[in-house]
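**Student:** Numbering (UniProt numbering), first residue to last: 1 to 488. Ideal Cβ placement from N, Cα and C applies to all residues, glycine included. Here's a structure for you.
Here it is as structure tokens:
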């Protein structure tokens, strides 16, 4: 499969698009004012311990106190006997006002602060240093048993028997020579020693180490052998990525390319249009069917519909073909929209169990290339497919959009008829409480039109009942639900 990375850079924003065979699969966005925090290392101070939640709040110098769960605490010597860190009471692991070295696992999302861990990991091109956690791990994506054995043997010799830190071999380490792995490990050890040294002299709530900016992280993490080229539309950005590649990723250097064209690179590949479509609820399938994707606080729901697709054979065959196409589209949109947490998919009901199995297999295949960990259950008794996808950063919708100021995020508005009835009740309430000579109602144009046209008889009766005249005035800046009853 042909894969390309497109890097679009402006002074205040960097965007990276991942394309498979010309189709947009992922979009990564980093803004100067809202750089992601995942991977950053801080010297924090425990502000509060919550035994009932097996968690603590930590002041790491962020806008909100961050969350540290007991399972994310490296408890060397803290737990006793055979009790693991996650099973030990958090009071044995940490205490208030304690200084702790922490790393951000998840960015702040919505009203929640960042999630932290004391199990520090520092990645490089081929390796990940796991601080104070001896052991060697090999990426599951390296499938050749001989290569896995070779990498493990090289790493064991490199670390030696007394090394206090562990090492994880990334997928990119497959085929790397001994010298390249040794250079990576030496770099990680020097960096970790420098972080520890800064931590000893720092005050709490201090940033000790910041992860690479997006344009360099992408080359480090995503520019594997399957990527044919990386196109960068900024000359300065291209030069910086080139320098970084020469120092750390020499194999990627030949695939870097500066794009000098006048037409924006995202327009050239149709990425801008794809981003706009990814912000819509409705996803149209080629067959004529469609998906409805709704994000809520608790979960994301995806509803599959046949739409205008009627097929050429039986109803069951039509449903099966629609569900198959939907499964492939869902796998892509999970990555593209960066949807995480609990995801419920309501496929069209299938009678044939073999059709159910094939649709599930298509869904599993659709998420195979996803970097985020995904788990899919079978079809439930209600005919729903439940799945989870690891969430480490904001979804595309939350990153690019704000809550609608008109509907307050509900996604719908009260009808003009409903608002007119609310106005009538408010007029009655005001007339009973206050001595006034007349009333002026300020409302949106459509509400005023409804009141003086279809509801004119009702307001005439209301005027007679309260004994005071009622006047309506349209306000162009009012939302359809907004109104004021002015007493005069």
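Which runs of the alpha helix (DSSP H) fall wholly inside the region 285 to 365 and span at least 4 residues, in chain order?
**Tutor:** Runs of the alpha helix (DSSP H) inside the region 285 to 365: 315 to 337.
**Student:** Using alpha carbons as the reference points, say which of 461, 462, 463, 330 lies closest to residue 303.
**Tutor:** Ranking the options by Cα distance to residue 303, first place goes to 330.
**Student:** Between residue 208 and residue 202, which are expected to be in contact by the criterion C-beta below 8 Å, what is the C-beta distance as a whole number of angstroms?
**Tutor:** Contact flag correct, Cβ pair sits at about 6 Å.
**Student:** Assign residue 97 to one of three DSSP states: helix, strand, or coil.
**Tutor:** Note: residue 97 maps to coil in three-state DSSP.
**Student:** Run through the region 380 to 432 for me and flag every whole alpha helix (DSSP H) of 4 or more residues, listed as ranges in chain order.
**Tutor:** The qualifying runs are 396 to 400.
**Student:** Once DSSP output is grouped into helix, strand and coil, what is the label at residue 434?
**Tutor:** If DSSP states are grouped into helix, strand and coil, residue 434 belongs with coil.
**Student:** Closest by CA to residue 24, which one among 38, 267, 349?
**Tutor:** Residue 267 is the option with its Cα nearest to residue 24.
**Student:** Would the region 225 to 245 count as touching the region 254 to 265 if we require 3 or more Cβ pairs under 8 Å?
**Tutor:** Enough Cβ pairs lie closer than 8 Å, so yes.
**Student:** Can you give me the C-alpha to C-alpha distance between residue 105 and residue 385, rounded to a whole angstrom?
**Tutor:** About 28 Å.
**Student:** Per DSSP, residue 26 forms a beta bridge with which residues?
**Tutor:** Answer by DSSP bridge pairing, in chain order: 18.
**Student:** Is the region 427 to 434 close to the region 49 to 62, with three or more CB pairs under 8 Å?
**Tutor:** No: the two stretches stay apart, fewer than three of their Cβ pairs being nearer than 8 Å.
**Student:** Report yes or no: do three or more beta-carbon pairs, one from the region 373 to 391 and one from the region 407 to 427, lie closer than 8 Å?
**Tutor:** No: the two stretches stay apart, fewer than three of their Cβ pairs being nearer than 8 Å.
**Student:** Would a C-beta distance cut-off of 8 Å place residue 49 and residue 91 closer than the cut-off?
**Tutor:** Contact: yes.
**Student:** Taking C-alpha atoms, which residue in 54, 366, 63, 19 lies nearest to residue 73?
**Tutor:** Out of 54, 366, 63, 19, 54 has the C-alpha closest to the C-alpha of residue 73.
**Student:** Using C-beta distances below 8 Å, list every residue in its chain close to residue 286, excluding the 5 sequence neighbours before and after it, in chain order.
**Tutor:** Excluding positions up to five away in sequence, the list reads 325.
**Student:** Quick check on residue 123: does DSSP put it in helix, strand or coil?
**Tutor:** DSSP places residue 123 in strand when its eight states are reduced to three.
**Student:** With a 10 Å radius around its C-beta and 16 neighbouring C-beta atoms as the bar for buried, classify residue 408 as buried or exposed.
**Tutor:** With fewer than 16 Cβ atoms within 10 Å of its Cβ, residue 408 is classed as exposed.
**Student:** Return yes when the Cβ of residue 39 is within less than 8 Å of the Cβ of residue 101, no when it is not.
**Tutor:** No.
**Student:** Counting beta carbon pairs with one atom in the region 139 to 152 and one in the region 166 to 180, are three or more of them shorter than 8 Å?
**Tutor:** Enough Cβ pairs lie closer than 8 Å, so yes.
**Student:** Count the other C-beta atoms from every protein chain shown that fall within 10 angstroms of the C-beta of residue 323, then say buried if there are 16 or more, exposed otherwise.
**Tutor:** Burial call: buried.
**Student:** Work out the CA separation of residue 164 and residue 134 for me, nearest whole Å.
**Tutor:** If I take the Cα positions, the gap works out to 6 Å.
**Student:** Out of curiosity, what's the CA-to-CA distance linking residue 390 and residue 235?
**Tutor:** Looking at the two C-alpha atoms, the distance is approximately 35 Å.
**Student:** Taking the DSSP output, what are the residues bridged to residue 154?
**Tutor:** BP columns for residue 154 are empty, so no partner.
**Student:** Using CA coordinates, which residue listed in 22, 46, 113 is at the minimum distance from residue 64?
**Tutor:** Among 22, 46, 113, the Cα nearest to that of residue 64 belongs to 113.
**Student:** When you compare only the Cα positions, how much space is there between residue 388 and residue 69?
**Tutor:** Spanning the two alpha carbons is a distance of roughly 20 Å.
**Student:** Taking only three categories from DSSP, how would you classify residue 221?
**Tutor:** Helix.
**Student:** Is the Cβ-Cβ distance between residue 348 and residue 319 less than 8 Å?
**Tutor:** Yes, the Cβ-Cβ distance between residue 348 and residue 319 is below 8 Å.
**Student:** With 16 other CB atoms within 10 Å as the buried threshold, where does residue 545 fall?
**Tutor:** In the structure as shown, the chain starts at 1 and stops at 488, and residue 545 therefore has no counterpart that could be examined.
**Student:** Beta strand (DSSP E) containing residue 443: first to last residue?
**Tutor:** 439 to 443 is the span of the beta strand (DSSP E), which, as asked, contains residue 443.
**Student:** Check this for me: beta carbons of residue 279 and residue 400, under 8 Å apart or not?
**Tutor:** Yes.
**Student:** State the start and end residues of the unbroken beta strand (DSSP E) segment that holds residue 188.
**Tutor:** Element bounds for residue 188: not the beta strand (DSSP E) but the alpha helix (DSSP H), 178 to 201.
**Student:** Could you name the residues of the same chain whose beta carbon sits closer than 7 Å to that of residue 481, not counting the 5 residues immediately before and after it, in chain order?
**Tutor:** So the list reads 413, 414, 419, once near-sequence residues are dropped.
**Student:** If you draw a straight line from the C-alpha of residue 283 to the C-alpha of residue 3, how long is it?
**Tutor:** Residue 283 and residue 3: Cα-Cα distance of roughly 23 Å.
**Student:** Secondary structure at residue 459, three-state DSSP: helix, strand or coil?
**Tutor:** Helix at residue 459.
**Student:** Rounding to the nearest angstrom, what Cα-Cα distance links residue 274 and residue 334 in this structure?
**Tutor:** So the two alpha carbons sit approximately 14 Å from each other.
**Student:** Going along the chain, which residues of its own chain have a beta-carbon closer than 6 Å to the beta-carbon of residue 103, five neighbours each way excluded?
**Tutor:** Counting only Cβ-Cβ distances below 6 Å, and skipping sequence neighbours, we find 41, 117, 120.
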